[in-house]
Amino acid sequence: MLQLPVWLAAAWAMSLSMLGLLVVPMLFVHLPTPAMAGQMAAKLFSAQTWISVACGAMLLIAFRSNRRLVPVESAQVATLFVVGGILLALMVELAIAPRIVARENLALWHRLGTGLFVVQWLCALVVLRQMVSALSSSNDTRDAQV
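All residue numbers for the sequence shown refer to this note's numbering, where the first residue is 274 and numbers rise by one.
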């Protein structure tokens, strides 16, 4: 059960990594037109938003559970990055993506969306690092007590 926050953080960070670094670039290489690739990418980024929200919400629940899954210090630091990542995902989905899909000042909104996606990815990586660190320190503590 202590590994749950690590798995949630890993799922969040790796889903962002795979989408941004592999899947979307492959769409633009293999689909016949950039417009088709862009439409499919928009759907995938939308799905990614809800994966991010779900992983983030479950992490926040794990941080607040009665069974201490994460040390308080690690949970406090990670909470800021989880909330930040969720807010960034929702901002991209609800404010920026509609403008990109409408092709409204496409270059500006695409750069802004990409930038916020990268910052969200960095938030997820920080949370993953915090959770791995917390798990390894709790394992060290447990080993020292035995």
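Just so it is clear, CB atoms sit at the ideal spot from N, CA and C, and this is done for glycine as well.
A contact between stretches requires three or more CB pairs, one per stretch, nearer than 8 Å, and the stretch 398 to 407 meets this requirement with the stretch 346 to 354.
Taking the Cα positions, residue 331 is about 21 Å away from residue 367. Within the stretch 342 to 415, the complete alpha helix (DSSP H) segments of 4 residues or longer fall at 345 to 364 and 370 to 374, listed in chain order. Boundaries of the alpha helix (DSSP H) around residue 278: 277 to 291. Note that the stretch 277 to 286 touches the stretch 335 to 345; at least 3 beta-carbon pairs, one per stretch, sit closer than 8 Å.
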